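Number of protein chains: 4
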Amino acid sequence: MATLGADLDGVAAGHVAIAMPIEPRLSQQNGFLHAGVVVAALDSACGYAALTLMPEDAEVLSVEFKVNLLAPASGDRLVAEGNVVRAGRTLTVCGGDAYAEQGAERVHVATMLATMVRRQAG
Amino acid sequence: MATLGADLDGVAAGHVAIAMPIEPRLSQQNGFLHAGVVVAALDSACGYAALTLMPEDAEVLSVEFKVNLLAPASGDRLVAEGNVVRAGRTLTVCGGDAYAEQGAERVHVATMLATMVRRQAG
Amino acid sequence: MATLGADLDGVAAGHVAIAMPIEPRLSQQNGFLHAGVVVAALDSACGYAALTLMPEDAEVLSVEFKVNLLAPASGDRLVAEGNVVRAGRTLTVCGGDAYAEQGAERVHVATMLATMVRRQAG
Amino acid sequence: MATLGADLDGVAAGHVAIAMPIEPRLSQQNGFLHAGVVVAALDSACGYAALTLMPEDAEVLSVEFKVNLLAPASGDRLVAEGNVVRAGRTLTVCGGDAYAEQGAERVHVATMLATMVRRQAG
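Line by line, the protein sequences give chains A, B, C and D. Just add 4 to wherever you are in the first sequence, counting from 1, and you've got this note's numbering. Just add 4 to wherever you are in the second sequence, counting from 1, and you've got this note's numbering. Just add 4 to wherever you are in the third sequence, counting from 1, and you've got this note's numbering. Just add 4 to wherever you are in the fourth sequence, counting from 1, and you've got this note's numbering.
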């Protein structure tokens, strides 16, 4: 996420929000953020949300996710929120929602449903 | 849905809840409702939710859906809720959640993310 | 699957085909098979395909699946094929394809991408 | 895709392959390609595959996709293949598979099932 200039914008048990500036270098010619960047932000938010319910040294991997792209992402800032839907011993299911913000306006640009797996220790 | 003995349990703009008894004939040997029945109920709830935001004579078809099965469904009653995430002219994105109820207890058994298309008039 | 009158139509390592008659009692008023039935057949084909690569006493559960409904299913017979895409120790990823057959004609009615988990022994 | 240094590696009716070098700037600290990059490559391969079956001036947008991440992507080159599963007037369903190559070795790193919509002319 460092590559994307992303910061944690909020953390609670089972919930994480990540925010990042929408920069030209991550956008297409039409000014919209690449779908891959939106997906990466959502994937990270979901992964971090899963981690909030695990022991400190736990690691998670994304097994799979589905994303619906709802609107093109442009503006000043992208916020990706991840929420745990169900936490299991091995598998955690998370939902994610991404919003593009410009000033006071907020557009829902994508929604994700993801499965995370707790990584076995080395 | 008539086959499943399902009834509308709640309707609002962009939201529908369907309820049905959990019957032995729709269950497996272990007493759990068939996943296909849970999916059918979620699919219907999502389709009806999409219809609440369309003209009266509109019809919708499911393009695709993803379902995470969270827990086995047993008990007295299955409730499937559908919510519109984004309504477009042609495509509507919906989220669905299914709960198995036994007395006052309620278990979240599945979650769906679906894409519906408005059917072109014949 | 017994409820659906389904039979194994082919089994190989990592591959299973299930066939079932398309019966009025499983169809909608328009004569098309319920999406829930198509999904149940695909889910079973994927689960059995995963089992072909496991020890004899293993059991699998569906974690999640995504289905694209490609065409309405009508005709004499539904065939659901499941194929293992990647078999892991805990998780197996499978693809499934469903076809509706009438005489010599075969229509691709749905495609599935699914994640199965090996069930921990009781 | 230019940002990723991607080139078309093969084109046929309903099929496209994209290849790109696996570069450190697109990789994580552990040397594995970011999932967002793999997803972007698969999404592009699926979109281009859909375009091969459309008139020359057509444009497509991704409605949604599901991705299963099968293995970490490292090596010299990433190849993403997109194939049309069903082409409709408005919606096209595509499957995608991504492979990481190092010398003669090829690892299946991800599989996608996607829905594309033909964009209405402005």
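Cβ coordinates follow ideal geometry from the N, Cα and C atoms, glycine included. If you're wondering where the values come from, they're calculated on a predicted model, not measured in any experiment.
Taking a contact to mean a Cβ-Cβ separation below 8 angstroms, would you say C98 of chain D touches A53 of chain D in this structure? With respect to the 8 angstroms criterion, C98 of chain D and A53 of chain D are classified as neighbours on the basis of their beta carbons.
Distance, P25 of chain A Cα to H38 of chain D Cα: So the alpha carbons of these two residues sit roughly 19 angstroms apart.
Measure from the alpha carbon of E68 of chain C to the alpha carbon of each residue in C:T119, C:N34, C:V83, C:V89, then state which is nearest. With distances taken between Cα atoms, E68 of chain C lies closest to C:T119.
Measuring straight from C-alpha to C-alpha, what distance separates L65 of chain B and Q33 of chain D? So the alpha carbons of these two residues sit roughly 44 angstroms apart.
Does the beta carbon of S78 of chain B sit closer than 8 angstroms to a beta carbon anywhere in chain C? Not an interface residue.
From E85 of chain A to R110 of chain C, what does the alpha carbon distance come to, in whole angstroms? If you take the alpha carbons of E85 of chain A and R110 of chain C, they lie about 44 angstroms apart.
Just the C-alpha distance for V71 of chain D and E60 of chain B, rounded to the nearest angstrom, thanks. Distance between the alpha carbons of V71 of chain D and E60 of chain B is about 36 angstroms.
Who does T115 of chain C pair with in a DSSP beta bridge? Per DSSP, the beta-bridge partners of T115 of chain C are C:N72, C:D101.
Euclidean distance between Cα positions of G79 of chain A and V113 of chain B: Straight-line measurement puts the Cα of V113 of chain B at about 38 angstroms from the Cα of G79 of chain A.
Which word fits L46 of chain A, buried or exposed, when buried means at least 16 other C-beta atoms lie within 10 angstroms of its C-beta? L46 of chain A should be labelled buried.
Kindly indicate if chain B contains any beta-carbon less than 8 angstroms away from that of T94 of chain A. Not flagged as an interface residue toward chain B: T94 of chain A, since no C-beta distance is shorter than 8 angstroms.
Would you mind telling me which residues of chain B sit closer than 7 angstroms to H38 of chain C, beta carbon to beta carbon, in chain order? Correct list: A44.
For chain D, is any of its Cβ atoms less than 8 angstroms away from the one on R110 of chain C? At a cut-off of 8 angstroms, the C-beta of R110 of chain C has no neighbouring C-beta in chain D.
In this structure, what does DSSP give as the bridge partners for A16 of chain A? Its beta-bridge partners are A:H19.
Can you give the Cα-Cα distance for G35 of chain D and T94 of chain B, rounded to whole angstroms? Spanning the two alpha carbons is a distance of roughly 42 angstroms.
Proximity below 8 angstroms, CB of V20 of chain B to CB of A49 of chain B: Taking 8 angstroms as the Cβ cut-off, V20 of chain B and A49 of chain B qualify as a contacting pair.
Simplified DSSP state of D47 of chain B, which is helix, strand or coil: In the structure shown, the three-state DSSP call for D47 of chain B is helix.
So what does M24 of chain D bridge to, in DSSP terms? According to DSSP, which records beta bridges pairwise, M24 of chain D is partnered with D:L82.
Look up R29 of chain C in the DSSP assignment and say whether it is helix, strand or coil. In this structure, R29 of chain C counts as helix in the three-state DSSP scheme.
Hey, does N72 of chain A have any beta-carbon neighbour from chain D nearer than 8 angstroms? For N72 of chain A, the closest Cβ of chain D is nearer than 8 angstroms.
Could you check the C-alpha separation between S31 of chain A and L12 of chain B for me, to the nearest Å? Taking the straight line joining both Cα atoms gives about 45 angstroms.
Of all the CB atoms in chain D, is at least one closer than 8 angstroms to the CB of V89 of chain B? Chain D has no Cβ within less than 8 angstroms of the Cβ of V89 of chain B.
Helix, strand or coil for A10 of chain C? Go by DSSP, reduced to three states. Reduced to three states, the DSSP call for A10 of chain C is coil.
Can a CB atom of chain B be found closer than 8 angstroms to the CB of D101 of chain C? At least 8 angstroms separates the CB of D101 of chain C from every CB of chain B.
L117 of chain B to G51 of chain D, Cα distance in whole Å? L117 of chain B and G51 of chain D: Cα-Cα distance of roughly 21 angstroms.
Neighbouring residues, chain B, relative to V83 of chain D (Cβ below 8 angstroms): Residues of chain B passing the Cβ test: none, with the nearest at roughly 26 angstroms.
Anyone know if the C-beta pair for V88 of chain D and L57 of chain D falls short of 8 angstroms? It is a contact, given that the beta carbons lie within the stated cut-off.
I'd like to know whether the C-beta atoms of R123 of chain D and E105 of chain D end up nearer to each other than 8 angstroms. Going by C-beta atoms, R123 of chain D is not nearer than 8 angstroms to E105 of chain D.
Residues of chain C with CB under 7 angstroms from L117 of chain D, in chain order? Identification of chain C residues near L117 of chain D by a Cβ-Cβ cut-off of 7 angstroms yields K70, N72, T115, L117, ordered along the chain.
Find the nearest neighbour of T115 of chain A within the set A:A108, A:L74, A:R90, judged by alpha-carbon distance. For T115 of chain A, the closest C-alpha among the options A:A108, A:L74, A:R90 is that of A:L74.
DSSP three-state assignment for L65 of chain D, whether helix, strand or coil: DSSP places L65 of chain D in strand when its eight states are reduced to three.
Could you list which residues in chain C have their beta carbon closer than 9 angstroms to that of V41 of chain B, in chain order? Under the 9 angstroms cutoff, chain C gives G40, A44.
Exposed or buried, what is G100 of chain B when buried is set at 16 or more other beta-carbons lying within 10 Å of its beta-carbon? Buried, because 16 or more other Cβ atoms sit within 10 Å of the Cβ of G100 of chain B.
Does DSSP put A77 of chain C in a helix, a strand or coil? Looking at A77 of chain C - three-state DSSP - the assignment turns out to be coil, as it is neither helix nor strand.
Using the DSSP secondary-structure output, state which residues sit across from R90 of chain C in a beta bridge. DSSP output for R90 of chain C lists C:V97 as bridge partner(s).
Pick out whichever of C:G107, C:A108, C:A91 has its Cα sitting closest to the Cα of V121 of chain C. For the residues C:G107, C:A108, C:A91, the minimum Cα distance to V121 of chain C belongs to C:A91.
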